[in-house]
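*Asks:* Each residue of the sequence shown is one higher than the one before, counting from 2 in my numbering. Beta carbons are placed, not taken as given, at the ideal position from N, Cα and C, and that holds for glycine.
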Amino acid sequence: GISGRLVDVVYDTGVREVSGTGSLSIRTFRTGNIDLTDLEVPDVVAERSTLRFKGSGDLVGSTVLVDGEIAQFHKKPKVMVHATLGGTRLGPLVQMATNQSSPVSGLLDLEVQVDAGGELPRGGAIIQGKVQISVGAVSLKKKTRYMVLDAIRLLPWVDLDVRNRVLLEPMEGRIRFTRGTVTFQEVTYPAGKRQLRLDGTIGDGKLYLVVRLLPFENPEFRPGLGVVLEGTPQQQQFRLATREDLLKPAPWVPFASEEERKEELERLRTKRRQRILLDRLK
Numbered sequence: 002g003i004s005g006r007l008v009d010v011v012y013d014t015g016v017r018e019v020s021g022t023g024s025l026s027i028r029t030f031r032t033g034n035i036d037l038t039d040l041e042v043p044d045v046v047a048e049r050s051t052l053r054f055k056g057s058g059d060l061v062g063s064t065v066l067v068d069g070e071i072a073q074f075h076k077k078p079k080v081m082v083h084a085t086l087g088g089t090r091l092g093p094l095v096q097m098a099t100n101q102s103s104p105v106s107g108l109l110d111l112e113v114q115v116d117a118g119g120e121l122p123r124g125g126a127i128i129q130g131k132v133q134i135s136v137g138a139v140s141l142k143k144k145t146r147y148m149v150l151d152a153i154r155l156l157p158w159v160d161l162d163v164r165n166r167v168l169l170e171p172m173e174g175r176i177r178f179t180r181g182t183v184t185f186q187e188v189t190y191p192a193g194k195r196q197l198r199l200d201g202t203i204g205d206g207k208l209y210l211v212v213r214l215l216p217f218e219n220p221e222f223r224p225g226l227g228v229v230l231e232g233t234p235q236q237q238q239f240r241l242a243t244r245e246d247l248l249k250p251a252p253w254v255p256f257a258s259e260e261e262r263k264e265e266l267e268r269l270r271t272k273r274r275q276r277i278l279l280d281r282l283k
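1. Between S50, V80, N34 and R276, which has its C-alpha nearest R223's C-alpha?
2. Taking just the CA atoms, how far does L52 sit from T184?
3. Taking only three categories from DSSP, how would you classify I3?
4. I'd like to confirm the pairing. Which residues does DSSP put opposite I277 in its beta bridges?
5. Enumerated in chain order, which unbroken segments of the alpha helix (DSSP H) with a length of 4 residues or greater are wholly contained in the stretch 40-109?
6. I want to know whether the stretch 111-126 touches the stretch 64-82 - three or more CB-CB distances under 8 Å.
7. I need the boundaries of the beta strand (DSSP E) containing D200, first residue and last residue.
8. The alpha helix (DSSP H) that contains R244, what's its start and end?
9. Would you decide whether G2 is buried or exposed? Buried here means 16 or more other CB atoms lie within 10 Å of its CB.
10. With 16 other CB atoms within 10 Å as the buried threshold, where does Y209 fall?
11. What residue does the beta strand (DSSP E) around G125 start on, and which one ends it?
12. Among all the DSSP beta bridges, which residues are the ones paired with K142?
13. List the whole-angstrom C-beta distance separating R175 from Q129, where the pair is believed to meet the contact cut-off of C-beta under 8 Å.
14. Does the distance from the C-beta atom of I127 to that of P171 stay below 9 Å?
15. Measure the C-alpha to C-alpha separation of R139 and K207 and round it to an integer number of angstroms.
16. What is the residue span of the beta strand (DSSP E) that P191 lies within?
17. Determine, using beta-carbon pairs with one atom in the stretch 88-106 and one in the stretch 231-238, whether at least three such pairs fall under 8 Å.
18. So what's E218 in DSSP terms, helix, strand or just coil?
19. Return yes when the Cβ of L25 is within less than 9 Å of the Cβ of V42, no when it is not.
20. Anyone know if the C-beta pair for T202 and Q196 falls short of 9 Å?
21. Under the three-state reduction of DSSP, which class applies to L282: helix, strand or coil?
22. Hey, is E48's beta-carbon within less than 9 Å of any beta-carbon in chain C?
23. Go ahead and label Q238 buried or exposed: buried means 16 or more other beta carbons lie within 10 angstroms of its beta carbon, across all protein chains shown.
24. Look up R223 in the DSSP assignment and say whether it is helix, strand or coil.
25. From the DSSP output, in three-state form, read off D151 for me.
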């Protein structure tokens, strides 16, 4: 439910607009699949057709601070909110957003922009921004074959614990929530003199995660090394990443088909030939 109070209210009957100040209490505020509960907004300003507010609420057991506005609230409301969240558990948040278990766990700090309403379809809210992950891990299926686990342990840049989890150092990058999906984009952390990067998408009953060891130079042209975790929460496959997996423009999105994979391979070959030609002309 929603309860509120406005004072110093001015109603313009000609354009049907309201001005005033006050406060709001919202039991549940839903954006896409994400529920923000017990939202307290002590600072509300209604100015003509725009409602501006600041407050805080609860998101999977952690406090989230919000600062934003609702434009055209009396016609076709458009929501724009800046939200910050610290020290929340990544697994439950991903599970809430996607309605499926998350192989990625840890604690995260978020600073995101929420866009909803307006011209976006119902339930089509977009949440995107910066993410920092600490105490992170990617869990492998319990029935992962011993041959695969032994191969992973041989990789000097992958730390696998006794619970078959690939451990992640503190890392930061970008994150994006849409209805039913969570996307990690260029989430990196140092690995010696190089960097490891996590990209991937969880949602729609599927998962696709890529952990890549970036090369020293020209990571846009040189693939480096990487591993891929893909499949469903119930049936996962862990494999070495291909050149196409690592160098495609959006490495966090899986190939839709074999034809798309072949097109990407040809694009990479063309790009490599152009690079060689430019080097010769220097």
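*Replies:* Reading it off the structure:
1. R276
2. 30 Å
3. Bear in mind that the predicted position of I3 carries a pLDDT of just 48, short of 50, making it too unreliable to give a figure here.
4. None, per the DSSP bridge assignment.
5. 91-99
6. yes
7. Where D200 is concerned, the enclosing beta strand (DSSP E) stretches over R195 to G204.
8. R244 to L248
9. With a pLDDT of only 46 at G2, under the threshold of 50, the placement of this residue in the model should not be trusted, and no figure is reported.
10. buried
11. Counting along the chain, G125 falls outside any beta strand (DSSP E), and DSSP gives it neither H nor E.
12. BP columns for K142 are empty, so no partner.
13. 7 Å
14. At the C-beta level, I127 and P171 stay beyond 9 Å of one another.
15. A small correction: the amino acid at residue 139 is Val; Arg does not occupy that position in the sequence shown. Answer to the nearest angstrom: the Cα atoms are 15 Å apart.
16. T182 to A192
17. yes
18. Three-state DSSP puts E218 in coil, outside helix and strand.
19. In contact: V42 and L25 (Cβ atoms closer than 9 Å).
20. At the C-beta level, T202 and Q196 stay beyond 9 Å of one another.
21. helix
22. The question asks about chain C, but that chain is absent: this structure has only one protein chain.
23. Label assigned to Q238: exposed.
24. coil
25. helix
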